[in-house]
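**Student:** Have a look at this one.
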Amino acid sequence: MRSSIALHVDDVCTYVGKTVLVNNATFDVKAGEIIGLIGPNGAGKTTIMKTILGLMKFKGKIEVNGKNVSENDHHALTRVGALIEHPAIYPFLTGMQNLTLYAHDQKDMANLISELQMDSYINNKAKGYSLGMKQKLGIAIALLNQPQVVILDEPMNGLDIESTIRVRKLIKRYSDQGTAFLISSHILSELQKVMTRVVLISGGQIILNKEVAEFEKISHQKYHLTTENNKLAKKIFAAYQITFTENENYLIVSQNDIYKIEDLLFNEGVHLKEILPLEANLERIVVDVLEKKRG
Amino acid sequence: MIYSIKQELYKLVHRKITWIAAIILFFLMLITGFALADESKKLILTLTFDSSDFIMFILVIVGATCFSMEFQNNTILTLLYKSSNKIYVYLSKYIVLFLYDIFLHLLVLFYTICLRYTIFNYQVNWSASYLYHQPVWLNMITASLIDLVTTMLIIATVFLLSCLINSSAIVITASLLVTFMGQSISSDLMNGGKLVNIMKWNPFNMVDLTRQYGNYGMYVLTTHLNNQELLVGSLIYIFIFIIAGYFIFRRKRF
């Protein structure tokens, strides 16, 4: 079950009139997998999500658990939960009534209320909710009825630290039970804590689709080093045309130049105090990948 | 489809306006009763204290906000992906509004009977022969059934406008204009003389169906159509407007 494909997106192009918003998007989400959909503003993240939900005109193939999704046939989406753009909440209903509107199982609903700690205000009208309260209610709606696929667009928006941790735990628990997640977020460090795979999108095109571990290796291609005399080291790098960037107390260099640097510094008598691979930092990796793409 | 209808009913039942409108309706009928003190009591009972206009007004407001609230609250996306086909979203709203329309008409009949026996105490025999050689009670039931058709035409118009225009304020204004000024627009269209035979089938003319049932001699001169023709015309326009509204809704970008 865990290795089965829950969501299959194959060569999907999304259109508005003649404008192509998403171009040839292809990726799979396996049951239990948490995909982080990342990319700059206007990259097409929300458009892909809306397309999967059959809300936009598209070409290509989208399957949820082997069943086809089209713009006018959403039968395959019966066990899909989603939070797109803003929480879909009726302000004239209480939180409980908003959940009841979609819930098939009262016990499931009660569990979500308790796990997201919404008990104290769930019977109040939603029009009085703060952004964070609305967001939690929106997430609860998406997670109702034991969905097989969940699509969350910026789920951590407006959440405080405690709620963020609760939502993260909930996502992990559902994923352990086999629910597939497609999550977009601007808080990449938060996404990094839950996702198992990264899909990077830019200009409507998927430019990277990798397991998180594999993705993090990219960052290890850079090292930071500290010497006894960083000034002299910089002069040496400049003389030998070694590319480097400078931070407060250390220099960042490429993995490819490491052996050359070690030799050069040794020959010039500069003592190398420390050399370490850079820790994976999703934000920096994304920026690097996007910059590379832009040339 | 049943799931969508249940959801729409749940929302309608939990909206304040649904119940407030029903209460306001009573007071409007009461005021009308006092205002029409000199009119024929049989006519007042037949037209259920002229409640048709009030029901139309309520349906325009509830109908227009029916779609606009979904756009304003971003719930339209959830509604669309959770239903297996877009037509279910559209039709379920229409069906639920039709059920609300029936509820309002039943309520109006109840209010009429209550007012007849209490506050106004009209000395009218229900079985006395009145319009179309039918007893008053049958006139009242028939007028209500006819009004159901007229109000469904109004709802279909509101839905069509809601799919074309996102602002509920504009939809409400335009719908009220059609409802209450339709007669003069229709008269203007038929002023040409030569084209009367064609122009009498314009949709604005159909809005007068209930009024014409209650006062045939006066209204037939302006509509140029008999009751049956108005009824058939209304049903055809309901069908056309529902289909047109759905096609616009289907092509709408969310």
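In the order they appear, the protein sequences are chains G and Y.
In terms of this note's numbering, the first sequence opens at residue 311 and continues consecutively.
In terms of this note's numbering, the second sequence opens at residue 766 and continues consecutively.
The C-beta atom is built at its ideal place from N, Cα and C for all residues, glycine as well.
Opposite threonine 555/G in the DSSP bridges: which residues?
**Tutor:** As a working note, residue 555/G is residue 245 in the first sequence. Ile562/G, per the DSSP bridge assignment.
**Student:** Give a yes or no on whether the C-beta atoms belonging to leucine 845/Y and leucine 453/G are separated by under 7 Å.
**Tutor:** Taking the first residue of the second sequence as position 1, residue 845/Y is located at position 80. Taking the first residue of the first sequence as position 1, residue 453/G is located at position 143. Taking 7 Å as the Cβ cut-off, leucine 845/Y and leucine 453/G do not qualify as a contacting pair.
**Student:** Return helix, strand or coil for alanine 341/G, following the three-state DSSP convention.
**Tutor:** Looking up residue 341/G in the first sequence gives position 31. Three-state result, alanine 341/G: coil.
**Student:** Please say whether glutamate 343/G and threonine 506/G have beta carbons closer to each other than 7 Å?
**Tutor:** Working through the first sequence from its first residue, we reach residue 506/G at position 196. Working through the first sequence from its first residue, we reach residue 343/G at position 33. Taking 7 Å as the Cβ cut-off, threonine 506/G and glutamate 343/G qualify as a contacting pair.
**Student:** Tell me the rounded alpha-carbon separation between phenylalanine 337/G and phenylalanine 1014/Y.
**Tutor:** In the first sequence, residue 337/G corresponds to position 27, counting from 1. In the second sequence, residue 1014/Y corresponds to position 249, counting from 1. One C-alpha to the other measures close to 30 Å.
**Student:** Mapping the DSSP letters down to three states, classify proline 397/G as helix, strand or coil.
**Tutor:** Position 87 of the first sequence, counted from the first residue, corresponds to residue 397/G. Here proline 397/G sits in coil by DSSP.
**Student:** Output the distance between the C-alpha atoms of isoleucine 788/Y and glycine 370/G, rounded to the nearest integer angstrom.
**Tutor:** Residue mapping note: residue 788/Y aligns to position 23 of the second sequence, counting from 1. Residue mapping note: residue 370/G aligns to position 60 of the first sequence, counting from 1. Roughly 53 Å between the two C-alpha positions.
**Student:** Give the DSSP bridge partners of tyrosine 325/G, in chain order.
**Tutor:** For the purposes of this step, residue 325/G is identified with residue 15 of the first sequence, where counting begins at 1. Paired residue(s): Val330/G.
**Student:** Quick check: the Cα distance between glutamine 487/G and glycine 405/G, rounded to an integer number of angstroms?
**Tutor:** Working through the first sequence from its first residue, we reach residue 487/G at position 177. Working through the first sequence from its first residue, we reach residue 405/G at position 95. Rounded to the nearest angstrom, the two C-alpha atoms are 26 Å apart.
**Student:** According to DSSP, what are the bridge partners of proline 900/Y?
**Tutor:** Position 135 of the second sequence, counted from the start, is the residue given in the question as residue 900/Y. According to DSSP, proline 900/Y bridges with Ser894/Y.
**Student:** With the cut-off set at 7 Å, would you say isoleucine 552/G and glycine 349/G are in Cβ contact?
**Tutor:** Taking the first sequence and counting its residues from 1, the one referred to as residue 552/G is at position 242. Taking the first sequence and counting its residues from 1, the one referred to as residue 349/G is at position 39. It is not a contact, given that the beta carbons lie outside the stated cut-off.
**Student:** Using 10 angstroms around the beta-carbon of asparagine 577/G, count the other beta-carbons present and answer buried if the total reaches 16, otherwise exposed.
**Tutor:** Taking the first residue of the first sequence as 1, we reach residue 577/G at position 267. Asparagine 577/G should be labelled exposed.
**Student:** Any beta carbon from chain Y within less than 7 Å of leucine 469/G's own beta carbon?
**Tutor:** One-based indexing of the first sequence puts residue 469/G at position 159. No - not a single Cβ of chain Y is within 7 Å of the one on leucine 469/G.
**Student:** Mind reading off the beta-carbon distance from valine 901/Y to lysine 807/Y? Whole number of angstroms is fine, and I expect it under 8 Å.
**Tutor:** Within the second sequence, residue 901/Y is the residue found at index 136, counting from 1. Within the second sequence, residue 807/Y is the residue found at index 42, counting from 1. Indeed, because the Cβ distance is near 5 Å, the residues count as touching under 8 Å.
**Student:** Given a cut-off of 7 Å on the beta-carbon distance, is the pair leucine 929/Y and methionine 971/Y in contact?
**Tutor:** Counting from one through the second sequence, the residue named residue 929/Y turns up at place 164. Counting from one through the second sequence, the residue named residue 971/Y turns up at place 206. In this structure, methionine 971/Y does not lie closer than 7 Å to leucine 929/Y by Cβ.
**Student:** Helix, strand or coil for alanine 800/Y? Go by DSSP, reduced to three states.
**Tutor:** Here residue 800/Y corresponds to residue number 35 of the second sequence, with the count starting at 1. Three-state DSSP puts alanine 800/Y in a helix.
**Student:** Please classify leucine 441/G as buried or exposed, where buried requires at least 16 neighbouring CB atoms within 10 angstroms.
**Tutor:** Walking along the first sequence from the start, residue 441/G turns up at place 131. Result: exposed.
**Student:** Buried or exposed: methionine 311/G, going by 16 or more other Cβ atoms within 10 Å of its Cβ?
**Tutor:** What you label residue 311/G is simply residue 1 of the first sequence in a count that begins at 1. Since pLDDT at methionine 311/G reaches only 43, below the 50 mark, its modelled position is unreliable, and no value is offered.
**Student:** Which class does serine 430/G belong to by DSSP, given the choice of helix, strand or coil?
**Tutor:** Working through the first sequence from its first residue, we reach residue 430/G at position 120. If DSSP states are grouped into helix, strand and coil, serine 430/G belongs with coil.
**Student:** Find the residues of chain G that neighbour tyrosine 726/Y, judging by a C-beta separation of less than 8 Å, and give them in chain order.
**Tutor:** A query on residue 726/Y cannot be resolved here, the shown segment of chain Y reaching from 766 to 1019 and no further.
**Student:** For aspartate 866/Y, list the residues DSSP reports as bridge partners.
**Tutor:** Residue mapping note: residue 866/Y aligns to position 101 of the second sequence, counting from 1. Answer by DSSP bridge pairing: none, since aspartate 866/Y is not bridged.
**Student:** How long is the line joining the alpha carbons of glycine 422/G and valine 332/G, rounded to whole angstroms?
**Tutor:** Along the first sequence, one-based indexing puts residue 422/G at 112. Along the first sequence, one-based indexing puts residue 332/G at 22. Just to set this straight, residue 422/G is leucine in the shown sequence, not glycine. Between leucine 422/G and valine 332/G, the C-alpha separation is close to 34 Å.
**Student:** Any chance the stretch 961 to 970 of chain Y sits against the stretch 879 to 887 of chain Y, with 3 or more Cβ pairs inside 8 Å?
**Tutor:** Too few Cβ pairs lie closer than 8 Å, so no.
**Student:** Quick one: residues in its chain with C-beta nearer than 6 Å to the C-beta of lysine 417/G, no 5 flanking neighbours on either side, listed in chain order?
**Tutor:** In the first sequence, counting from the first residue as 1, residue 417/G sits at position 107. Contacts found: none.
**Student:** Counting beta carbon pairs with one atom in the stretch 419 to 437 of chain G and one in the stretch 468 to 477 of chain G, are three or more of them shorter than 8 Å?
**Tutor:** Enough Cβ pairs lie closer than 8 Å, so yes.
**Student:** Can you find the residues in the same chain that come closer than 6 Å, C-beta to C-beta, to threonine 915/Y, ignoring five residues on each side of it along the sequence?
**Tutor:** In the second sequence, the residue the question calls residue 915/Y occupies position 150. Counting only Cβ-Cβ distances below 6 Å, and skipping sequence neighbours, we find Leu974, Thr975.
**Student:** Answer yes or no: does any C-beta atom of chain G fall closer than 7 Å to that of phenylalanine 1019/Y?
**Tutor:** On the second sequence, residue 1019/Y is found 254 positions in, with the first residue counted as 1. Closer than 7 Å to some Cβ of chain G, the Cβ of phenylalanine 1019/Y qualifies, so yes.
**Student:** As a quick exercise: from Ala341/G, Ile345/G, Ala353/G, Val319/G, pick the residue whose alpha carbon is nearest that of valine 330/G.
**Tutor:** For this step, residue 330/G is matched to residue 20 along the first sequence. Checked all of Ala341/G, Ile345/G, Ala353/G, Val319/G; the closest Cα to valine 330/G is Ala353/G.
**Student:** Please specify which runs of the beta strand (DSSP E), each continuous and at least 3 residues long, are wholly inside the stretch 803 to 830 of chain Y, giving them in chain order.
**Tutor:** Entirely contained in the stretch 803 to 830 of chain Y, not one beta strand (DSSP E) run reaches 3 residues.
**Student:** Please state if the CB of phenylalanine 1006/Y and the CB of leucine 925/Y are separated by a distance shorter than 7 Å.
**Tutor:** Counting from one through the second sequence, the residue named residue 925/Y turns up at place 160. Counting from one through the second sequence, the residue named residue 1006/Y turns up at place 241. In this structure, phenylalanine 1006/Y lies closer than 7 Å to leucine 925/Y by Cβ.
**Student:** Using the beta-carbon of each residue, which ones in chain Y are nearer than 7 Å to histidine 318/G?
**Tutor:** The residue you call residue 318/G lines up with position 8 of the first sequence. Per Cβ cutoff of 7 Å: no residues; histidine 318/G is ~17 Å from chain Y at best.
**Student:** Is it right to say isoleucine 809/Y is buried, meaning 16 or more other beta carbons lie within 10 angstroms of its own, or is it exposed?
**Tutor:** On the second sequence, residue 809/Y is found 44 positions in, with the first residue counted as 1. Buried, since its Cβ has 16 or more Cβ neighbours within 10 Å.
**Student:** Is there contact between the stretch 378 to 386 of chain G and the stretch 535 to 549 of chain G, where contact requires at least three CB pairs shorter than 8 Å?
**Tutor:** At 8 Å Cβ cutoff, the stretches do not touch.
**Student:** Residues in the same chain with beta-carbon distance under 8 Å from isoleucine 358/G, minus the five sequence neighbours each way, listed in chain order, please.
**Tutor:** As a first step, residue 358/G must be located in the first sequence, where it is residue number 48. Within the same chain, isoleucine 358/G has close Cβ partners Val319, Val322, Thr324, Val332, Ala335, Leu347, Ile511.
**Student:** Decide if the stretch 960 to 967 of chain Y is in contact with the stretch 978 to 985 of chain Y; the criterion is three or more beta carbon pairs, one per stretch, under 8 Å apart.
**Tutor:** As far as the Cβ criterion goes, the stretch 960 to 967 of chain Y does not touch the stretch 978 to 985 of chain Y, which means the pair count is below three.
**Student:** Cα separation between methionine 766/Y and threonine 840/Y?
**Tutor:** To locate residue 766/Y, count along the second sequence from 1; it is residue 1. To locate residue 840/Y, count along the second sequence from 1; it is residue 75. Cα to Cα, methionine 766/Y sits roughly 18 Å from threonine 840/Y.
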